[in-house]
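In my numbering, the protein residues as written are 1 to 127.
Using N, Cα and C, we set each Cβ at its ideal position, and we do this for glycine too.
Note that the structure is a prediction, hence the values are computed from the model and not measured.
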């Protein structure tokens, strides 16, 4: 199993000299990745049409989104409205392959202090 994680995907897609090559490579990889056990994760602060064109979104399977400001942004990211009504703080919507409707979920929310405490516990090797 191999995970390919690309944070700030928009930076590549908003740069004209890279956009076509990146989109082409992601489309080819997206088609073959599932069969080869490769999981693709693309993260963007703001899903926009010019960052995730329709043909690119069609080749990617599952999609997760946190709260967004508008129905349009939700529609771009999921192909459906709804993410604009999320509560925030870990409340998310998922469009999963093989699932007919959107899935609402709540991931754990940790304050910065709790994250610092957890990191210190991990570093110290104690529970």
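Look at residue i and residue j and say whether their C-beta atoms are less than 9 angstroms apart.
i	j	result
residue 45	residue 17	no
residue 71	residue 10	no
residue 13	residue 37	no
residue 55	residue 27	yes
If you reduce the DSSP assignment to three classes, tell me which class residue i lands in.
i	result
residue 63	strand
residue 2	strand
residue 95	strand
residue 45	coil
residue 51	coil
residue 88	coil
residue 69	coil
residue 121	helix
residue 8	coil
Which residue from the options puts its Cα closest to that of residue i?
i	options	result
residue 109	101, 103, 118 and 102	118
residue 96	85, 69 and 62	62
residue 76	89, 57, 87 and 1	57
residue 102	2, 23, 124 and 81	81
residue 23	3, 51 and 35	51
Return the chain-ordered list of same chain residues with a C-beta closer than 6 angstroms to the C-beta of residue i, the five sequence neighbours on each side being excluded.
i	result
residue 83	65, 68, 74 and 93
residue 33	40
residue 88	67
residue 124	none
residue 85	none
From the DSSP secondary-structure annotation, give me the bridge partner or partners of residue i.
i	result
residue 38	2
residue 132	The first residue shown for the chain is 1 and the last is 127, placing residue 132 beyond what the model contains.
Excluding sequence positions up to five away, which residues of its chain have a Cβ less than 7 angstroms from the Cβ of residue i?
i	result
residue 79	95
residue 106	90 and 91
residue 53	23
Output needed for residue i: all residues of its chain with C-beta closer than 8 angstroms, excluding positions within five of it in sequence on either side, in chain order.
i	result
residue 43	5, 6, 7, 8 and 9
Can you tell me whether residue i sits near the ligand GTP, meaning its C-beta is under 8 angstroms from at least one heavy atom of the ligand?
i	result
residue 122	Looking at this structure, you won't find the ligand GTP or any other ligand, since it has none at all.
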